[in-house]
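Asker:
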Amino acid sequence: MGQVISGGLTQYDVEDIQAYCDGFFSQSEILSLYARFKKLDMKSKGYLSKDEIEKIPEVSINPLSQRLVNLFAGVNFKEYARLLSAFSAKASRQAKIAFMFQVYDVDRDGWVGREDLVIMLEMMTGSHMSKDEVNAVAEKVLRDAGATEKGLDVAAYGRAMGPNGALGLVVTVPGAHADE
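Residue numbers for the sequence shown, in our numbering: 7 to 186.
What follows is the structure, encoded as structure tokens:
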């Protein structure tokens, strides 16, 4: 099959995951991600449960934690790496936009509509804004972005982010060093 290089992954596995993640992670980063995945997968099921995701400190303190939990729950290592690849410094702007679009498309209908924005704004602001204020902000965002009746598709969402949008999505993989 292939020589095991670390913790159960073969060279073939690493190369397969690198290709699946569009080359955004080096071999050492994949091995570090795998070590972290194995620690998170406490019962060695091969996938992450909602409870396991909620215990990740970076997720638990994030105001969008429930959206992240819903995206990551039930994923195996290959999907886990793919989701995290959008946060890599090597990821394209389009990959980052596609990931953020997934986060904001709460109802998973392929559109970021008013209800999606309302839910996201409520998650981010908590009780600091009234329902009327949240609705007004959602309407303004959609109007300013030139949304259709359905809302924003991924292309319109990307345009709304602007060419120099604040998409500073970079993740560092603990213990990994780029081996370029």
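For glycine and all other residues, C-beta sits at the position ideal for the given N, C-alpha and C.
Taking the alpha helix (DSSP H) that Asp159 belongs to, which residues open and close that run?
Answerer: Asp159 -> no alpha helix (DSSP H), and no H or E assigned at all.
Asker: Would you identify the three-state DSSP class for Leu15, choosing helix, strand or coil?
Answerer: DSSP places Leu15 in strand when its eight states are reduced to three.
Asker: Using the three-state DSSP reduction, which class does Val118 fall into: helix, strand or coil?
Answerer: Strand at Val118.
Asker: Could you give the uninterrupted runs of the alpha helix (DSSP H) lying entirely in the stretch 12-89, keeping only those of 4 residues or more?
Answerer: As far as the stretch 12-89 is concerned, its whole alpha helix (DSSP H) runs of at least 4 residues are 17-26, 33-46, 56-60, 63-66 and 71-78.
Asker: Taking the CB atoms as reference points, tell me whether Leu158 and Ala144 lie closer together than 7 Å.
Answerer: Contact: no.
Asker: Below 7 Å CB to CB, which residues in the same chain sit around Lys156 once its five sequence neighbours on both sides are set aside?
Answerer: Excluding positions up to five away in sequence, the list reads Trp117 and Gly119.
Asker: Quick one: what does DSSP say Val109 is sitting in, helix, strand or coil?
Answerer: If DSSP states are grouped into helix, strand and coil, Val109 belongs with the helices.
Asker: Does DSSP classify Gly164 as helix, strand or coil?
Answerer: The answer is helix: DSSP assigns Gly164 an H, G or I state.
Asker: Along the chain, where does the alpha helix (DSSP H) that runs through Lys242 open and close?
Answerer: For residue 242 there is no data in the structure shown, the boundaries of the chain being 7 and 186.
Asker: When you compare only the Cα positions, how much space is there between Gln72 and Glu60?
Answerer: Each residue's alpha carbon lies about 8 Å from the other.
Asker: Apart from the five residues just before and just after Lys84, which ones in its own chain have a Cβ nearer than 7 Å to its Cβ?
Answerer: Excluding sequence neighbours, Lys84 sits near Ile23 and Tyr26.
Asker: Any heavy atom of the ligand GDP closer than 6 Å to the CB of Glu35?
Answerer: Of the ligands one can find in the structure shown there are none, so the ligand GDP has no counterpart to examine.
Asker: Just checking, does the stretch 79-96 make contact with the stretch 125-132 on the three C-beta pairs under 8 Å criterion?
Answerer: Because the criterion of three Cβ pairs below 8 Å is not met, the stretch 79-96 and the stretch 125-132 do not touch.
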